[in-house]
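Residue numbers (this note's numbering): 2 to 64.
Contents: one structure, followed by commentary.
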């Protein structure tokens, strides 16, 4: 099985994912006033996965 991948589109999606992660960290800090190890580790894991999902959505919109 071959998964779709376009590096320039993924790079744009990764930037969007990083911005969303920063907004998420700000929201976490404003609501709970602290970060936990789980917040940091989960964001590190989630950002590339979210970037790939956004990347696939962008590819579907191009077609």
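Where is the CB? At the ideal position from N, CA and C, for every residue including glycine.
Beta carbon of residue 5 nearer than 9 Å to that of residue 48 = no
Three-state secondary structure (DSSP) of residue 56 = Reduced to three states, the DSSP call for residue 56 is helix.
Is residue 34 helix, strand or coil by DSSP?
-> coil
Spatial distance of residue 10 from residue 3 (CA atoms) = So the alpha carbons of these two residues sit roughly 17 Å apart.
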